[in-house]
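Engineer:
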Amino acid sequence: MTRAHLLQPVHDALEAFSHGTLSASALSTTARAQTDLLAALPPRYAEVLHGLLDRLESSALFSEESCSFSQKDLVDSLRMWVEKARAAIA
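Each number in our numbering comes from the position in the sequence shown (counting from 1) with 1333 added on.
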């Protein structure tokens, strides 16, 4: 049995955020709360995830034009993180 189910809350929160039904803060809180997932992955995954979430939270404080972090690029990076994490725990 794989542990891919551990990724579902992060995946669902990311999709909700990308559809505008969840805030960046709520996405970040959900992702950071997945301690079982982060424990199942190599430590570098947590570092990368936290860095992406920090940038996403910062980008939410500013309009797209005034922030150096593109929310679209960050969402794409988070999606890539989910896929790589899925492969790592499969």
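Glycine residues also receive a C-beta, built at the ideal position from the N, C-alpha and C atoms.
Do you know how far the Cα of residue 1403 is from the Cα of residue 1391?
Structural biologist: 10 Å
Engineer: Could you say if the region 1344-1354 and the region 1369-1387 meet the contact criterion of at least three C-beta pairs nearer than 8 Å?
Structural biologist: At 8 Å Cβ cutoff, the stretches do not touch.
Engineer: With a CB to CB cut of under 6 Å and the five nearest residues on each side skipped, what residues in its chain are close to residue 1408?
Structural biologist: 1351
Engineer: For residue 1361 and residue 1389, which I take to be in contact (beta-carbon distance under 8 Å), what is that distance rounded to the nearest angstrom?
Structural biologist: 7 Å
Engineer: So for residue 1423, helix, strand or coil by DSSP?
Structural biologist: Reduced to three states, the DSSP call for residue 1423 is coil.
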